[in-house]
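Take a look at the structure below.
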Amino acid sequence: MKAHTHYLWFTTKQRQEIIDITEQVAEQVQESGVAEGLALVSAMHITASVFVNDHEAGLWADILKWLETTIAPWDPKRYRHNETGEDNAAAHLRSLTIGHEVIVPITGGRLDLGPHEPRLAHPLSAPLTGSVGEGVPCHHQPALILTDPEHRLIVAFSLL
Amino acid sequence: MKAHTHYLWFTTKQRQEIIDITEQVAEQVQESGVAEGLALVSAMHITASVFVNDHEAGLWADILKWLETTIAPWDPKRYRHNETGEDNAAAHLRSLTIGHEVIVPITGGRLDLGPHEPRLAHPLSAPLTGSVGEGVPCHHQPALILTDPEHRLIVAFSLL
Amino acid sequence: MKAHTHYLWFTTKQRQEIIDITEQVAEQVQESGVAEGLALVSAMHITASVFVNDHEAGLWADILKWLETTIAPWDPKRYRHNETGEDNAAAHLRSLTIGHEVIVPITGGRLDLGPHEPRLAHPLSAPLTGSVGEGVPCHHQPALILTDPEHRLIVAFSLL
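Chains as they are written, first to last, in our numbering: chain A, 51 to 210; chain B, 51 to 210; chain C, 51 to 210.
See below:
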């Protein structure tokens, strides 16, 4: 069994953004030649998450609004973490809620996401406003690990 | 190493329901013959979750109440996703919170859930009221993947 | 491929506590000799969680405060589960939110947590006050599973 690791990079334009990464992950599954296995997609950053859900514009808007109004309002002054000079404590809490990674079965050489074909998505929060600035794109790499019985292929992405 | 995949189906009677799936999963562990390994149980549906916790009626009532009052009230009109004609945006957010899959160690041929023997459970939300109707049972299949050193057995369940 | 399982035990002094377990887990990765693989760290207890995030005192204070004020207030009387005689229903809900386990890639023989070197942490809730008592230390063991292509090594920790 061998491991195949791959790092994917994404550029964001806003502080909070959701990106559909299913195609890039599916591409790696195909490249790996894995028939039956496990795909680990890890955000590799603690203000980002990976989740499996629908790619529907209204739902994505609901998720971002829910993170702000229900889970953890951005409001930097309410968090002790931001006394360090950062302003993204809320992003850490949002990441804890949605989760740091997903692991998806690979069946018959394809990501086995279920019959309704949901998507792998990656909501990201940009780091320090001071070093990045509003509207400045920043680079991210989430992580994916693929395994299968013949050989274990790891494809890893990591978030910068 | 080989993969063993299995799909389990469950019938629900209500929009929100928790089902204890530990026995079905443990059965597959046994059938797989896995001694030391990993069990991935994936909901394979984005309005359902899989979690590990106690099977206690009061706690299950607390979980369902908490999902409604704290995490994401059902209230269809508050979500943009429901402009598509669906009414289950809240179920997507609840699934994001609890999580899409769990991965459990297999040690000595058994699910290694810890000394207090918690249970694998599967809270489900039925799809469109329009196509299913209140009180109409609908079919679901969650996913489980088992691996072990001699051979990798994948048992997968997927949710419809 | 072989499995390496290890159980780690921790002692807590308070009802809610966060412990950085990265070194213990990294030690097991090294002992396992895994080069490329997967590390599953499982709480193995349903009032505890495992997460990957920063080890920063202000953030840890924010997390504990957020769990109390936003996610699930301790307040035993508000939960039906506590009619059983337990008082920790809130801890079950907090565990559902943060998550029961994490799975981390192992790349080049090391835990691949990303370029900012976040930490694996383990927030714990002590069991029944009646049997443990306020301030009485209690033992916990979280779980870690390591896999790699040459052999699958499982290191498991479980929570008591």
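In this text, a Cβ means the ideal position worked out from N, Cα and C, and glycines have one as well.
Bear in mind the structure is a predicted one, so any value in this text is a computation, not a measurement.
Could you give the distance in angstroms between the alpha-carbon of residue i and the alpha-carbon of residue j?
i: Leu-170(A); j: Phe-101(A); result: 6 Å
i: Ala-85(A); j: Gly-158(A); result: 5 Å
i: Arg-128(A); j: Glu-81(C); result: 42 Å
i: Ile-68(B); j: Leu-143(C); result: 14 Å
i: His-18(C); j: Asp-70(C); result: Residue 18(C) is absent from the structure shown; chain C starts at 51 and stops at 210.
i: Gln-78(A); j: Val-152(C); result: 22 Å
i: Lys-134(A); j: Asn-103(C); result: Here residue 134(A) is Thr; the residue named in the question, Lys, does not match the sequence. Distance between the alpha carbons of Thr-134(A) and Asn-103(C) is about 15 Å.
i: Gln-66(A); j: Ile-96(A); result: 14 Å
i: Gly-87(A); j: Leu-161(B); result: 19 Å
i: Gly-83(A); j: Ala-89(B); result: 22 Å
i: Thr-55(A); j: Ala-107(B); result: 44 Å
i: His-150(B); j: Ala-98(B); result: 7 Å
i: Leu-114(C); j: Ile-121(C); result: 10 Å
i: Asn-132(A); j: Val-75(B); result: 44 Å
i: Trp-116(B); j: Leu-117(A); result: 17 Å
Would you say residue i reaches chain C, if we count a Cβ-Cβ gap shorter than 9 Å as a contact?
i: Ile-69(A); result: no
i: Ser-92(A); result: yes
i: Val-102(B); result: yes
i: Glu-133(B); result: no
i: Thr-72(A); result: no
i: Glu-77(B); result: no
Would you please state the rounded distance, in angstroms, between the beta carbons of residue i and residue j? I believe it to be under 8 Å.
i: Pro-155(A); j: Ser-92(B); result: 6 Å
i: Ile-148(B); j: Leu-163(C); result: In fact, because the Cβ distance is near 24 Å, the residues do not count as touching under 8 Å.
i: Asp-137(C); j: Arg-130(A); result: With 8 Å as the limit, Asp-137(C) and Arg-130(A) do not qualify as a contact, their Cβ atoms being about 27 Å apart.
i: Leu-109(A); j: Ala-141(B); result: About 11 Å separates the two Cβ atoms, so there is no contact after all.
Using a Cβ-Cβ distance under 9 Å, would residue i count as near chain A?
i: Ala-122(B); result: yes
i: Leu-138(C); result: In the sequence on display, residue 138(C) carries Asn and not Leu. It does not; no Cβ of chain A falls within 9 Å.
i: Ile-156(B); result: no
i: Gly-108(C); result: yes
i: Thr-147(C); result: yes
i: Thr-119(B); result: no
i: Leu-58(C); result: no
i: Leu-114(B); result: no
i: Ala-111(C); result: yes
i: Leu-163(B); result: no
For residue i, decide whether its Cβ has a neighbour in chain B, counting only Cβ atoms nearer than 9 Å.
i: Arg-130(C); result: yes
i: Glu-213(C); result: Limits of chain C in this structure are 51 at one end and 210 at the other, which puts residue 213(C) out of reach.
i: Glu-81(A); result: no
i: Ile-96(C); result: yes
i: Leu-143(C); result: yes
i: Ile-170(C); result: Checking the sequence shown, residue 170(C) turns out to be Leu, not Ile. It does not; no Cβ of chain B falls within 9 Å.
Got a sec: does the ligand SAH put a non-hydrogen atom nearer than 8 Å to the Cβ of residue i?
i: Ala-122(A); result: Here there are no bound small molecules, and the ligand SAH is not part of this structure.
Would you mind sorting residue i into buried or exposed? The rule is 16 or more other CB atoms within 10 Å of its CB.
i: Gly-73(B); result: Position check: residue 73(B) holds Glu in this sequence, whereas Gly was assumed. It counts as exposed.
i: Leu-58(C); result: buried
i: Asp-125(C); result: exposed
i: Thr-119(A); result: exposed
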